[in-house]
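S.K.:
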Amino acid sequence: MTLPERLAQYHAAEGAEEYFDEYTKFHRKLSDRREHKLLDGYFERVGKVTTALDLPCGWGRYMPYLRSHGAEVLEADYSGSMVQKVAEVFPETPLLGRMRCFGHRIPLEDKAVELVFSMRLSHHLPDPVVRREHVEELFRVAERWVIFTYFDRASLKNVIRRARTAIGLSKKHPKNTLSRAQVREIAKNAGFKIHEDPMLFVVGSGHRLVLAERV
Ligand SMILES: C[S@@+](CC[C@H](N)C(=O)[O-])C[C@H]1O[C@@H](n2cnc3c(N)ncnc32)[C@H](O)[C@@H]1O
Numbered sequence: 183m184t185l186p187e188r189l190a191q192y193h194a195a196e197g198a199e200e201y202f203d204e205y206t207k208f209h210r211k212l213s214d215r216r217e218h219k220l221l222d223g224y225f226e227r228v229g230k231v232t233t234a235l236d237l238p239c240g241w242g243r244y245m246p247y248l249r250s251h252g253a254e255v256l257e258a259d260y261s262g263s264m265v266q267k268v269a270e271v272f273p274e275t276p277l278l279g280r281m282r283c284f285g286h287r288i289p290l291e292d293k294a295v296e297l298v299f300s301m302r303l304s305h306h307l308p309d310p311v312v313r314r315e316h317v318e319e320l321f322r323v324a325e326r327w328v329i330f331t332y333f334d335r336a337s338l339k340n341v342i343r344r345a346r347t348a349i350g351l352s353k354k355h356p357k358n359t360l361s362r363a364q365v366r367e368i369a370k371n372a373g374f375k376i377h378e379d380p381m382l383f384v385v386g387s388g389h390r391l392v393l394a395e396r397v
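Just so we're aligned: 381 in my numbering is position 199 of the sequence shown, and the numbers increase by one with no gaps anywhere.
Put into structure tokens, the structure is as follows:
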């Protein structure tokens with residue numbers, strides 16, 4: 183599970199405000215652009231979708247994008263303040279719903295929505311069991327498509343981080359990672375095929391953006 187202090191920070195109103203403000207920064211705009219470019223390519227394959235779960239939704243950064251592809255969107259996040267923020271930022275936008283839940287315990291039936299979308303959660307989950315359960319839940323709840331990010335164990339950023347920590351040059355904690363093979367195995371067991379999983383950036387980021395389809 184995410185560290186309790188971190189969760190409390192996200193849940194607090196100030197935490198939601200801070201995260202919202204982050205998106206005015208240059209590096210965020212840059213990674214936003216890269217994410218959108220990859221996602222536009224994914225949606226050429228996916229086409230129109232009927233329903234989507236956006237978990238974690240944060241302040242709703244991706245909700246209008248999902249709606250632009252036809253989806254009625256269910257916005258969900260551990261943080262009540264984030265879920266509330268969605269309604270503040272987009273007061274006029276009709277939603278399928280908003281709810282609070284953990285990313286690894288989704289209170290929905292199997293195949294409840296056509297697309298499950300989980301951007302930038304996995305690397306916040308320090309417990310490897312929870313990290314795995316989160317990915318399994320995404321596949322369980324998706325009727326057809328899953329799009330999500332995770333931090334790749336073999337990424338340059340993580341390898342350097344581990345090496346620096348091992349020789350005492352850094353005191354930073356290891357990243358919360360998954361291996362590519364592990365993600366492929368979870369997808370296969372759930373009956374999904376991974377179409378694409380490129381790095382967001384080869385240098386400076388270890389996130390992979392996965393597009394998977396139920397086969
Ligand atoms: C980096 S933000 C990403 C938000 C959104 N997907 C985006 O890309 O803008 C991480 C979000 O995960 C939520 N979160 C953290 N731990 C969580 C957990 N265990 N389950 C569900 N949501 C969680 C936080 O409240 C926060 O809104």
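Virtual Cβ for every residue (Gly too), placed ideally from N, Cα, C. The structure displayed is predicted, hence computed values, not measured ones.
Given 8 Å as the limit, tell me if residue 306 has its C-beta closer than that to any heavy atom belonging to ligand 1.
M.R.: Taking the sequence shown and counting its residues from 1, the one referred to as residue 306 is at position 124. Yes.
S.K.: In this structure, how does DSSP classify residue 279 when only helix, strand and coil are distinguished?
M.R.: Against the sequence shown, residue 279 aligns to sequence position 97. It is a strand residue.
S.K.: By Cβ distance below 6 Å, which residues in the same chain neighbour residue 346 in space, the five residues on each side in sequence not counted?
M.R.: By 1-based counting over the sequence shown, the position of residue 346 is 164. Around residue 346: 352.
S.K.: Alpha carbon to alpha carbon, what distance is there between residue 382 and residue 272?
M.R.: The residue you call residue 272 lines up with position 90 of the sequence shown. The residue you call residue 382 lines up with position 200 of the sequence shown. Between residue 272 and residue 382, the C-alpha separation is close to 27 Å.
S.K.: Any chance the CB of residue 160 is under 8 Å from a heavy atom of ligand 1?
M.R.: Because the chain spans 183 through 397 in this model, residue 160 falls outside it and cannot be assessed.
S.K.: Considering only their Cβ atoms, is the gap separating residue 313 from residue 332 smaller than 9 Å?
M.R.: The sequence position of residue 332 within the sequence shown is 150, counting from 1. The sequence position of residue 313 within the sequence shown is 131, counting from 1. The answer is yes: Cβ separation under 9 Å.
S.K.: Taking just the CA atoms, how far does residue 335 sit from residue 372?
M.R.: By 1-based counting over the sequence shown, the position of residue 372 is 190. By 1-based counting over the sequence shown, the position of residue 335 is 153. Using only the alpha carbons, I get a separation of about 22 Å.
S.K.: Among all the DSSP beta bridges, which residues are the ones paired with residue 389?
M.R.: On the sequence shown, residue 389 is found 207 positions in, with the first residue counted as 1. Bridge partners of residue 389: 333.
S.K.: Should residue 259 be counted as a contact of ligand 1 given a C-beta to heavy atom distance under 8 Å?
M.R.: Against the sequence shown, residue 259 aligns to sequence position 77. Correct: residue 259 has its Cβ closer than 8 Å to ligand 1.
S.K.: Whose C-alpha, out of 326, 301, 380 and 387, is nearest the C-alpha of residue 229?
M.R.: Taking the sequence shown and counting its residues from 1, the one referred to as residue 229 is at position 47. Residue 326 is the option with its Cα nearest to residue 229.
S.K.: Classify residue 295 as helix, strand or coil using the three-state DSSP reduction.
M.R.: For the purposes of this step, residue 295 is taken as residue 113 along the sequence shown, with counting starting at 1. Strand at residue 295.
S.K.: Taking only runs that begin and end inside the segment 184 to 212, name each unbroken alpha helix (DSSP H) of 4 or more residues, in chain order.
M.R.: The segment 184 to 212 contains these whole alpha helix (DSSP H) runs: 186 to 193 and 195 to 204.
S.K.: From 220, 223, 254 and 218, pick the residue whose C-alpha is nearest to that of residue 235; which is it?
M.R.: What you label residue 235 is simply residue 53 of the sequence shown in a count that begins at 1. With distances taken between Cα atoms, residue 235 lies closest to 254.
S.K.: Just to check, is the beta-carbon of residue 383 closer than 8 Å to a non-hydrogen atom of ligand 1?
M.R.: Your numbering for residue 383 matches position 201 in the sequence shown. Because no heavy atom of ligand 1 lies under 8 Å away, the Cβ of residue 383 does not count as near it: no.
S.K.: May I ask you to check if the CB of residue 236 is nearer than 8 Å to at least one heavy atom of ligand 1?
M.R.: What you label residue 236 is simply residue 54 of the sequence shown in a count that begins at 1. Flag set: Cβ of residue 236 near ligand 1.
S.K.: Comparing the CB of residue 327 with every heavy atom of ligand 1, is any distance shorter than 8 Å?
M.R.: Residue numbering aside, residue 327 sits at position 145 when the sequence shown is read from its first letter. Because no heavy atom of ligand 1 lies under 8 Å away, the Cβ of residue 327 does not count as near it: no.
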